[in-house]
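Let me begin by presenting the structure, written as structure tokens, before commenting on it.
Number of protein chains: 2
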Amino acid sequence: MSLAAKAAAIELAGVKNSVKNKALAAVAETLKAQSREIAAANEKDLAAAKKGNLAGPLLKRLKFDEAKIADVCAGIESLIRLEDPVGKILAATELDAGLELYKVSCPIGVIGVVFESRPDALVQISTLCLKSGNAVLLKGGSEAENTNTILAECIRAASEKAGLPSGWLQLLHTRQDVAEMLRLDECIDLIVPRGSNQFVRYIMENTNIPVLGHADGVCHVYVDGEAEVDMAVRIAVDSKCQYVAVCNAAETLLVDEKIAAKFLPAMKEAFDEEGVELRGCERTRAIVDVNVATELDWRAEYLDKILAVRVVGGVSEAIGHINEYGSGHTDAIVTANRQTAERFMEMVDSAGVFWNASTRFSDGYRYGLGAEVGISTNKIHARGPVGLEGLVIYKWKLFGSGQVVADYSGQEGRKFRHKKLR
Amino acid sequence: MSLAAKAAAIELAGVKNSVKNKALAAVAETLKAQSREIAAANEKDLAAAKKGNLAGPLLKRLKFDEAKIADVCAGIESLIRLEDPVGKILAATELDAGLELYKVSCPIGVIGVVFESRPDALVQISTLCLKSGNAVLLKGGSEAENTNTILAECIRAASEKAGLPSGWLQLLHTRQDVAEMLRLDECIDLIVPRGSNQFVRYIMENTNIPVLGHADGVCHVYVDGEAEVDMAVRIAVDSKCQYVAVCNAAETLLVDEKIAAKFLPAMKEAFDEEGVELRGCERTRAIVDVNVATELDWRAEYLDKILAVRVVGGVSEAIGHINEYGSGHTDAIVTANRQTAERFMEMVDSAGVFWNASTRFSDGYRYGLGAEVGISTNKIHARGPVGLEGLVIYKWKLFGSGQVVADYSGQEGRKFRHKKLR
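From first to last, the protein sequence lines are chains A and B. Under our numbering, the residue at position 283 of the first sequence is numbered 267, and the numbers go up by one with no gaps. Under our numbering, the residue at position 280 of the second sequence is numbered 264, and the numbers go up by one with no gaps.
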């Protein structure tokens, strides 16, 4: 099965953008045409899940009705409008007359997608793989088996009919655990996990295949001594409260001691209004009446209406705290001082470093990337919100006319020109 | 020790190019000034190695005399002339008025360098790390302990005196195996191994840290039916013989059946002159008198004057053979047909795909990349010969003026502009 995916990936690397777009259009059409059948399959999964006492939020994520189908189809249509990420010339050099080197973007190969209950992840990621010319192996949660099966079959059938190589998309059905897939490091080039942070952490710790994603989102807002109090309160509240259950929501607020007496009471008032529980360090509690924060709170990703608050001695201590306790996702500074902001942005080792803006902006849609593969806290390949460019790599194409290296060797050898062509 | 490297990496991210270049110049100066002491330390290692009966080629690699010191210093001087890989603006978007997003290159963090006997690898990689703003932990072979110790101390002392943060470069001395370093996945972001292919394969199989490099170099030359025989012979000979012990030397020659009768005798004559042992498939042996190739030969990286030869049914079979048996390093086609060449270059899944040129061109210097970190057969991050850009990643810097996401939510919310600034 994975060998078939590898073979399909090779074919797919040569498929033109027009064919890929035709296939994407056919997929959207098929999903719409089959929406009743898809919803019915999903009803079966939902019924079984209710019987099995699946928790409420999981049930909600499992649900895939006609409205959700319309959503994923809108996503596919915007994907069609994006330019082809494959075949871009990233660099070109004339090494010598008639010897030209091109660095050209190309698909990565076979992407393994592992997801929990949300069936929309199946559609999103597999159409992103299609657009970027990658074969995809899918492994979903067993609770969504009926939904995943019909979705994968719709996408496979429509796209193959439109000219994609057979085997480019496959759903793994085996009873074995997700662990099965994670061992296929011979034929899977990249794993994209979609699910809870515990789930993603499990994936990352149990495979040798590179993983594109993030486990934790312990984001910080640091309110500098030179911050405007109103702006700082607004940014803190938005970062924490605008949507508490997501990875780019703030979990810890760091406050410069120089502004603590002024900022903390205003901050408390605003968070009290939002019903947020505050947990503070001793210095915070000397100024406002909040619960006690312990060492564990600095590492906590609450994903809930709870915020840890710590008073620090200035921007250096804030940077130190963030680099020690943070998850390298997104961290913001509020200050009127550009130099302080630039230092923070240079030295905080995170995918997103923001000045006077909410951490909640850390998102592919808001960044204008179009489709989002996910948010990566990796230090190599792709970092932060990742668009289609995270699913491509490049190869070096050398166009010669019979040149050999011996001609360029020794004192008398030809010299390279190394002339940049673009 | 690794925590100190992490802390130093944070500082280093903010160090200006002028300071890094000053430090590099100081390193070169110190190495020259200390060249007698370095050569003396190396003599000690060489004497111990000879006593320990280290094999001849290993002894040669261990040798680090004044000529080698001059070489690495020349490398450092050309590194100084390269532009700073850090702080490049890779993309910029105005999300809205006063809300600008920049994708900016930055150091990766802490690089672990693991190398066998060659002490020049220590100097090369650590100065590449310096230029790209990365902290570096070094672990060399015990047989080079005296040489490595004085080299690391020269680099450390000179660069710290020039303003680099203390702890940015550290040599691991512990008796524990290289395995020790490979477990530090909490604080090392990338491993760059330098050594034999067995050594690199061992590293890759025994760490969760991303590894930048290649284990095997099973490179191919495919002679298409529409090739010019003279050119094909010249390219095949250069690819195999110009330097047999390196990863970009060809190990297997694939020959289109349409040209076999004409090409194989000419090829055999040329390789006989070079003293290369040929091992052929049955169809090859029906035309020329060569030894038998077995399945093992298709996977062999001889690094020696041996070449496997196989007759195939055309470009598709050649592509299939290369994708099955190759190592994704560098593969060449010789043909007069551009369409055939383009198909080959699209569907061969290798870092380098060459048309009418020797595989030996696959090299950072020949590509004009300047300094080379290594050659990567990875499918993510960096592929092929990797210059300084393989040691950097990027972060997203968002410059706001108090914006919050709530303002952009709902029907009445502000709309993003997403205007490309560059």
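For glycine and all other residues, C-beta sits at the position ideal for the given N, C-alpha and C.
Below 8 Å CB to CB, which residues in the same chain sit around residue i once its five sequence neighbours on both sides are set aside?
| i | result |
| --- | --- |
| Leu112/A | Leu63, Ala355, Val357, Leu372 and Leu375 |
| Asp55/B | Asp104 |
| Val296/A | Tyr206, Leu238, Val239, Asp240, Glu241, Ala302 and His305 |
| Phe99/B | Ala105, Leu106, Ile109, Leu122, Lys123, Gly124, Gly125, Pro177, Arg178 and Gly179 |
| Glu127/A | Asp29, Ala32, Ala33, Gly36, Leu38, Leu42, Leu46 and Ser101 |
| Ile95/A | Ile109, Cys113, Asn118, Ala119, Val120, Leu121, Ile172, Asp173, Leu174, Ile175, Val176 and Leu375 |
Any Cβ of chain A within less than 8 Å of the Cβ of residue i?
| i | result |
| --- | --- |
| Ser385/B | yes |
| Thr77/B | yes |
| Gly336/B | yes |
| Asp240/B | no |
| Leu85/B | yes |
| Gly59/B | no |
Closer than 7 Å by beta-carbon distance: list the chain A residues that pair up with residue i, in chain order.
| i | result |
| --- | --- |
| Trp282/B | Those within 7 Å of Trp282/B in chain A number zero; the least Cβ separation is about 17 Å. |
| Asp222/B | Val388, Val389 and Ala390 |
| Gly348/B | Those within 7 Å of Gly348/B in chain A number zero; the least Cβ separation is about 11 Å. |
| Ala341/B | Leu83, Leu382, Gly384 and Gln387 |
Could you name the residues that DSSP lists as bridge partners for residue i?
| i | result |
| --- | --- |
| Thr77/B | Leu85/B and Lys404/B |
| Asp68/B | Asp68/B pairs with nothing; no bridge assigned. |
| Tyr286/A | Answer is none; Tyr286/A lacks a bridge partner. |
| Ile359/A | Pro369/A |
| Ala234/A | Cys203/A |
| Ala412/B | No answer is possible for residue 412/B: it lies beyond the span of chain B, which begins at -15 and ends at 406. |
| Ile377/A | Cys90/A |
| Ile22/B | None; Ile22/B has no bridge partner. |
| Leu382/B | Phe338/A and Leu85/B |
| Gly96/A | Leu121/A and Ile175/A |
| Val195/A | Ile175/A |
Here's a check: name, in chain order, each residue in its chain whose Cβ is nearer than 6 Å to the Cβ of residue i, leaving out the five neighbours to either side.
| i | result |
| --- | --- |
| Asn1/A | Asp68 |
| Asp169/A | Asn192 and Ile193 |
| Val293/A | Leu237, Leu262, Gly264 and Thr268 |
| Leu148/A | Ala7 |
| Leu66/B | Gly354 |
Using a Cβ cut-off of 9 Å, pull out every chain A residue sitting near residue i, in sequence order please.
| i | result |
| --- | --- |
| Gly206/B | Residue identity differs from the one stated: residue 206/B is Tyr in this sequence, not Gly. None at all; the shortest Cβ gap to chain A is about 14 Å. |
| Tyr186/B | Ordered by position in chain A, no residue passes the 9 Å Cβ test against Tyr186/B, which lies about 14 Å from the chain. |
| Gln160/B | In chain order: nothing, as chain A lies at least about 22 Å away. |
| Ile219/B | Gly384, Gly386, Gln387 and Val388 |
Less than 7 Å between C-beta atoms, sequence neighbours within five positions excluded: which residues of the same chain meet that for residue i?
| i | result |
| --- | --- |
| Ser89/A | Pro69, Val70, Gly71, Lys72, Leu74, Val376 and Tyr378 |
| Ala325/A | Ile317, Thr319 and Trp339 |
| Arg45/B | Ser101 and Arg102 |
| Glu50/A | Ser19 and Ala23 |
| Ile92/A | Asn118, Asp173, Leu174, Leu375, Val376 and Ile377 |
| Pro369/B | Ser346, Asp347, Gly348, Tyr351, Leu353, Glu356 and Ile359 |
Could you tell me which chain B residues have their CB closer than 9 Å to the CB of residue i, listed as they occur along the chain?
| i | result |
| --- | --- |
| Leu174/A | Lys363 and Ile364 |
| Gln226/A | Val388, Val389, Ala390 and Ser393 |
Residue i CB to nearest chain B CB: under 8 Å?
| i | result |
| --- | --- |
| Pro194/A | yes |
| Phe400/A | yes |
| Arg167/A | no |
| Asn307/A | yes |
| Lys72/A | no |
| Lys246/A | no |
| Ser150/A | no |
| Gly352/A | yes |
So which residues on chain B does residue i lean against when the C-beta distance must stay under 7 Å?
| i | result |
| --- | --- |
| Gln395/A | Near Gln395/A there are no residues of chain B at all, since even the closest Cβ is about 16 Å away, more than 7 Å. |
| Arg367/A | Ile377, Tyr378 and Lys379 |
In chain B, which residues lie with their C-beta within 8 Å of the C-beta of residue i?
| i | result |
| --- | --- |
| Asp200/A | Chain B residues near Asp200/A: none, gap ~14 Å exceeds 8 Å. |
| Ile(-6)/A | Ile303, Asn307, Met331 and Asp333 |
| Met215/A | Gly386 |
| Ile92/A | Lys363 and Ile364 |
Whose Cβ in chain A lies nearer than 8 Å to the Cβ of residue i?
| i | result |
| --- | --- |
| Gly(-2)/B | Arg327, Glu330 and Met331 |
| Arg344/B | Val388 and Val389 |
| Gln323/B | Within chain A, no residue comes near Gln323/B; the closest Cβ sits about 12 Å away, beyond 8 Å. |
| said: Please give the ranges of any alpha helix (DSSP H) in the segment 31 to 60 of chain A, keeping only runs that are unbroken, at least 4 residues long and fully inside the region. | reply: Fully contained in the segment 31 to 60 of chain A are the following alpha helix (DSSP H) runs of length 4 or more, in chain order: 40 to 46.
| At what residue ranges does the segment 108 to 155 of chain B contain a whole run of the alpha helix (DSSP H), taking only runs of 4 or more? | Uninterrupted alpha helix (DSSP H) stretches at least 4 residues long and entirely within the segment 108 to 155 of chain B occur at 129 to 145, given in chain order.
| request: May I have a chain-ordered list of the alpha helix (DSSP H) segments no shorter than 4 residues that lie completely inside the segment 307 to 365 of chain B? | output: Segments of the alpha helix (DSSP H) lying fully in the segment 307 to 365 of chain B: 322 to 331 and 348 to 351.
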